[in-house]
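*Asks:*
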Amino acid sequence: QHYPISQSPPRPSEELNHALERALEKRGITPFKGPVWTTDAPYRETETKVKIHQDRGIVAVDMELSALMTVALFRSVQFAAALIVSDELFDYVWRPGFGDPVLEQRTRVASQVLLELAMGAESRSKV
144 QHYPISQSPP RPSEELNHAL ERALEKRGIT PFKGPVWTTD APYRETETKV KIHQDRGIVA
204 VDMELSALMT VALFRSVQFA AALIVSDELF DYVWRPGFGD PVLEQRTRVA SQVLLELAMG
264 AESRSKV
């Protein structure tokens, strides 16, 4: 293990998560919260693996999130993330979402929210 941390699995900052959630809700987006399945094998989600992770309450699949959280914990910095889900395969049929106007709108809003929160955090750290 290259980044020894005491918290396993790594978790995001509750404070930042709440701030992110409130900011998204103010803009009409209700976040769907839950654990994320991290894999190094994109597009290799078998029906068996999907079922196992669904039974565990997993709500999304991602490749980078656990690494980013681990480094943040190791460096003692707060971390939170918003995943914008594009593709869906919860009923074992791949449904690509790219090009969907709702996805594009939510991506724009989430990007604005994240930038505003980051800028606010930067100004607070200078005080």
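Note that my numbering has the sequence shown beginning at 144, numbered continuously upward.
Backbone N, C-alpha and C fix where the C-beta goes; we use that ideal spot for every residue, glycine too.
Could you pull out every residue in the same chain whose Cβ sits closer than 7 Å to the Cβ of Glu-158, ignoring the five residues on either side in sequence?
*Replies:* Gln-221
*Asks:* Run through the region 144 to 176 for me and flag every whole beta strand (DSSP E) of 3 or more residues, listed as ranges in chain order.
*Replies:* None, since the region 144 to 176 contains no complete beta strand (DSSP E) of that length.
*Asks:* From Arg-199 to Gly-177, what does the alpha carbon distance come to, in whole angstroms?
*Replies:* 10 Å
*Asks:* Please tell me whether Leu-260 and Ala-184 are closer than 7 Å, where the distance is taken between their beta carbons.
*Replies:* no
*Asks:* At a cut of 8 Å, does the region 247 to 260 reach the region 222 to 230 through at least three beta carbon pairs?
*Replies:* As far as the Cβ criterion goes, the region 247 to 260 touches the region 222 to 230, which means the pair count is three or higher.
*Asks:* Decide if Thr-173 is buried, meaning its Cβ has at least 16 other Cβ atoms within 10 Å, or exposed.
*Replies:* exposed
*Asks:* When you compare only the Cα positions, how much space is there between Glu-207 and Asn-160?
*Replies:* 17 Å
*Asks:* Taking Arg-187 as the reference, give the member of Glu-168, Val-179, Glu-164 and Val-204 with the closest Cα.
*Replies:* Answer by Cα proximity: Val-204.
*Asks:* What does the Cβ neighbour count give for Pro-153, buried or exposed, with the cut at 16 atoms within 10 Å?
*Replies:* buried
*Asks:* Determine the extent of the beta strand (DSSP E) in which Asp-243 is found, giving its start and end residues.
*Replies:* Neither: Asp-243 is in no beta strand (DSSP E) and is coded neither H nor E.
*Asks:* So, are the CB atoms of Arg-170 and Val-245 less than 7 Å apart?
*Replies:* no
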